[in-house]
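A.B. asks: Provided herewith is a single structure, encoded as structure tokens, for subsequent inquiry.
Residue numbers (the working numbering): 1 to 916.
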């Protein structure tokens, strides 16, 4: 954040970066260095700026250098600002009726004392605290000399001061110090109000001080001549990763040199580079380096600053790096020990991670800014000539800086919801060779000789492996052994039959198993291939959920169905969220890669704690508004009848045919005559003649029953809420549907369904459950809607996967209202049916909600705990599902209002660096 020339001193601006608000205060032109620790005026001014109620997480004072105070320090100051606002605006501590209820002669003195304390509070909180303690003691001492009437007034004043004292005592500000060590100077603030000092010509933050609780493991310099940087490797006992502490030359410049670079940058940024200037980046950098050196030399003369030749080159290099270059990324790439550099989204909230040749995964002291990330993305677009936008969210390119080459992968929204992210792989400056592999004990001499022998014999080689396994390095070494006329084919690199899968066939979604799907296809259209395996093509154009090259989950046609036996070990992979899959040892799952979005990882290479990519959203495009019961008459009991205008017309005009057909099926004359009188047909007869009957406005009824159903069962909100309640707490008896729910809102849904179908709602003999006494309703639910099973075997029926998102929300609302609740931390429910848990989990993926379920089955009731705790997902739940029960919905609203702090449910850290 740079203020424009002419901006008033102490002007401020609040900028939101990566979801965090930062307060920038202009101190350009001030005759002093802005230091909260050393200046009461700076602290007081900062408290005033924080008093407007803005939720600020970081404070930056902008001068020749930027002085950045982190979130902990900002919180301490915000607490003081909050006390000041509370006392002056809400308590109105300076009002006469607060200072003296009797309006005594002490009012003026008290006003001055409290006013002084409030002033001290903003500029020197510790002094205010000490002074408050002294004043309270003095006022208590004076209490003994007053009359009874004035004692009441004095006690009220003491209580006011003690409240002030108590509020201040409970702040982190006061808790972080030892009051006894206070020597009435500002030195005590230097212990916990130390800012990070950042050059004004860069937005990247760098923690310059070494962590006090870490041990130095190694230290070395990188770079050449005038552009050397110091690298310190540290290790904390409690951290698994080493700390890679970088101190580049730009962060240790003298004040005069700092000013020269600031002035030079302001001149150079006026130049708007054209795309053609980046066709030869090296030439452009050299031109800018020469221009920067001449510019800095002139500025040094005008400012009467003496620069040596080495200093001039150093400043010019820094200036180029932070204008047309890539900032501190260039410095990191100077380190030959580095292999990968990763910037996780949002870049402004995460440190840079890297992989070190000797110390493996490290976290750095560098935190880039959003401005830097966007600037680099624009440069990579121009250098590569490729797009990077929402339609093309992935950019793969190369970066060359002198002798250093690297491969760069950039992703942005919508693939990376939190913004730009980078993965950079540094290439070796000298290529790999077979002797070098032998020297590093990666292969032995026999293997190297075998490779060379095979190539000499013109044998075709197949090199396969996962990302980062060394394919490119091996191929590079083999290229030195072969003639260009030969070629090498490079290939990058099953599940068990009971694995669940959702497919789309003939326009409808259904859930099945891999085994059932493949067996069915092979049975209909299969053949035995030359390799002896049973296979089938895909004439039915069955679609399955898959991942495209951009990492998006899409529906794609299966190319082939294959069934084969294996003699390899079978692995069962379990995730912390409760997902399970059984696969062979060589089958690949996916995690994040340094270049592309997904990288395959073999199951036998997985370890406990490995990160896997699972979909967080599945998109279904169906909308099943109703179910025509006439299409399912073959599933119903023979004692169900169809009637209506179309049936009546058929009976009136086809009596002879009706008698003939009924006799052939074993019916007797009185029964047939009864149908004719009542204008009804049993489903068995209707099925035979339905092609000759107008099906509009037909109805169904059971034998002897007076209540009827329309042939179109509308899947509206009330009915799907009811289905959800049955899945949660429903069952049947011989003739009835029973729902066991307690809350009045849930019971009202049951009453609505009873009214809709003309079924009276009765109380069960348990004096708690509600009954819908209808054989036909039970028949439809069990045999047509496939809503059957007990608490251990319930599942979502196949038609449920063809509902729209809104309808699924209604169904899940009923289920969660019956079996779920909102606790103070998450939404939870416990059920016995593992199949239903899997189905609910699949449906929730429509709304970007990942259900986490326990691997443990409770001993007593055999239930499994399931939960949704991610704040973002809780908000999705609130927006698309919710609860029927008002009290549960209110708790959900409260739960969604919390501030997200460590949601990681839908995040896969690159190279295991856990972000967010």
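Cβ coordinates follow ideal geometry from the N, Cα and C atoms, glycine included.
Please state the DSSP three-state secondary structure of residue 764.
C.D. replies: Coil at residue 764, not helix or strand.
A.B. asks: Of the residues 126, 48 and 57, which one's Cα is nearest the Cα of residue 920?
C.D. replies: Lying before the first or after the last residue shown, residue 920 is absent from the chain, which here runs from 1 to 916.
A.B. asks: Buried or exposed: which applies to residue 488, given that a residue is buried once 16 or more other Cβ atoms fall within 10 Å of its Cβ?
C.D. replies: Interpretation of residue 488 is limited by its pLDDT of 43, a score under 50 that renders its predicted location unreliable; the figure taken from the coordinates is listed afterwards. Answer is exposed; the Cβ neighbour count stays below 16.
A.B. asks: Should residue 219 go down as buried or exposed, given a rule of 16 or more other Cβ atoms within 10 Å for buried?
C.D. replies: Exposed, since its Cβ has fewer than 16 Cβ neighbours within 10 Å.
A.B. asks: On the CB-based measure, 16 or more other CB atoms within 10 Å of its CB, does residue 564 come out buried or exposed?
C.D. replies: The residue in question, residue 564, is exposed, as its Cβ has fewer than 16 Cβ neighbours within 10 Å.
A.B. asks: Decide yes or no for the touch test of the segment 397–417 against the segment 372–388: beta carbon pairs closer than 8 Å, at least 3 of them.
C.D. replies: Because the criterion of three Cβ pairs below 8 Å is met, the segment 397–417 and the segment 372–388 touch.
A.B. asks: Does the Cβ of residue 490 have 16 or more other Cβ atoms within 10 Å, making it buried, or fewer, making it exposed?
C.D. replies: Because the pLDDT at residue 490 is just 40, under 50, the model does not fix this residue reliably, and the value given afterwards should be weighed accordingly. So residue 490 ends up on the exposed side.
A.B. asks: Is residue 628 helix, strand or coil when you go by DSSP?
C.D. replies: In the structure shown, residue 628 sits in a strand (DSSP, three-state: E or B).
A.B. asks: Classify residue 653 as helix, strand or coil using the three-state DSSP reduction.
C.D. replies: Helix.
A.B. asks: Which residues mark the beginning and the end of the beta strand (DSSP E) in which residue 676 is found?
C.D. replies: Not the beta strand (DSSP E): residue 676 falls in the alpha helix (DSSP H), residues 669–678.
A.B. asks: Identify the residues that DSSP records as bridge partners of residue 615: which are they?
C.D. replies: In the DSSP output, where bridge partners are listed per residue, residue 615 has none listed.
A.B. asks: So residue 723 is in the alpha helix (DSSP H); what residue range does that whole segment cover?
C.D. replies: Its alpha helix (DSSP H) spans residues 717–729.
A.B. asks: Let me see if you follow: with CB-CB separation under 8 Å, is residue 254 close to chain B or not?
C.D. replies: Annotation note: the requested chain B is absent from the structure, which comprises a single protein chain.
A.B. asks: When we look at the beta-carbon of residue 178 and count the other beta-carbons within 10 Å, is it buried (16 or more) or exposed?
C.D. replies: Counting Cβ neighbours within 10 Å, residue 178 comes out exposed, since fewer than 16 surround it.
A.B. asks: Would you tell me roughly how many angstroms separate the C-alpha atoms of residue 713 and residue 636, rounded to the nearest one?
C.D. replies: Straight-line Cα distance between these residues: approximately 15 Å.
A.B. asks: For residue 710, which three-state DSSP category applies?
C.D. replies: Residue state, collapsed to three classes: strand.
A.B. asks: By Cβ distance below 6 Å, which residues in the same chain neighbour residue 376 in space, the five residues on each side in sequence not counted?
C.D. replies: Taken in chain order, the residues that qualify are 326.
A.B. asks: Please report how far the alpha carbon of residue 492 lies from the alpha carbon of residue 475, in whole angstroms.
C.D. replies: With a pLDDT of 34 at residue 492, under the threshold of 50, the predicted position of this residue should be treated as unreliable, though the coordinate-derived value follows. So the two alpha carbons sit approximately 13 Å from each other.
A.B. asks: Please state the DSSP three-state secondary structure of residue 248.
C.D. replies: Coil.
A.B. asks: Determine the contact status of residue 324 and residue 341, defining contact as a CB-CB distance below 8 Å.
C.D. replies: No, the pair does not count as a contact, with Cβ atoms beyond the cut-off.
A.B. asks: Please classify residue 487: does DSSP put it in a helix, a strand, or coil?
C.D. replies: Confidence in residue 487 is poor, its pLDDT being 49 and thus under 50, which makes the residue's placement too unreliable to answer from.
A.B. asks: Flag this pair as yes or no: are the beta carbons of residue 888 and residue 833 separated by less than 8 Å?
C.D. replies: Not closer than 8 Å, so no.
A.B. asks: Expressed to the nearest angstrom, what Euclidean distance is found between the alpha-carbon atoms of residue 501 and residue 512?
C.D. replies: Computed Cα separation, rounded: 6 Å.
A.B. asks: Could you check the C-alpha separation between residue 674 and residue 654 for me, to the nearest Å?
C.D. replies: Residue 674 and residue 654: Cα-Cα distance of roughly 15 Å.
A.B. asks: For the alpha helix (DSSP H) containing residue 257, name the first residue and the last one.
C.D. replies: First-last of the alpha helix (DSSP H) with residue 257: 255–268.
A.B. asks: Is residue 896 helix, strand or coil when you go by DSSP?
C.D. replies: Residue 896: helix per DSSP, three-state reduction.
A.B. asks: How is the beta strand (DSSP E) around residue 106 delimited, first residue to last?
C.D. replies: Taken as a continuous stretch (DSSP letters only), residue 106 belongs to no beta strand (DSSP E), as it is neither H nor E.
A.B. asks: Taking the Cβ atom as the reference point for each residue, do residue 920 and residue 725 lie within a distance shorter than 8 Å?
C.D. replies: The chain is shown from 1 up to 916; residue 920 falls before or after that span and cannot be answered.
A.B. asks: How would you label residue 814, buried or exposed, when you count the other beta carbons within 10 angstroms and need 16 or more for buried?
C.D. replies: So residue 814 counts as buried.
A.B. asks: Report the rounded CA-to-CA distance for residue 694 versus residue 717, giving the unit in angstroms.
C.D. replies: The alpha-carbon atoms of residue 694 and residue 717 are separated by roughly 29 Å.
A.B. asks: Should residue 222 and residue 234 be called a contact, given that it needs their Cβ atoms to be closer than 8 Å?
C.D. replies: No, the Cβ-Cβ distance between residue 222 and residue 234 is not below 8 Å.
A.B. asks: Excluding the five sequence neighbours on either side, which residues of its own chain have a C-beta within less than 6 Å of the C-beta of residue 703, listed in chain order?
C.D. replies: The answer, listed in chain order, is 639.
A.B. asks: Using the Cα positions of residue 865 and residue 723, report the straight-line distance between them to the nearest angstrom.
C.D. replies: Approximately 21 Å, taken between the alpha carbons.
A.B. asks: Could you tell me the alpha carbon to alpha carbon distance between residue 882 and residue 873, rounded to whole angstroms?
C.D. replies: Approximately 12 Å, taken between the alpha carbons.
A.B. asks: Put residue 427 into one of helix, strand or coil per three-state DSSP.
C.D. replies: Residue 427: coil per DSSP, three-state reduction.
A.B. asks: What does the alpha-carbon distance come out to for the pair residue 20 and residue 479?
C.D. replies: If you take the alpha carbons of residue 20 and residue 479, they lie about 50 Å apart.
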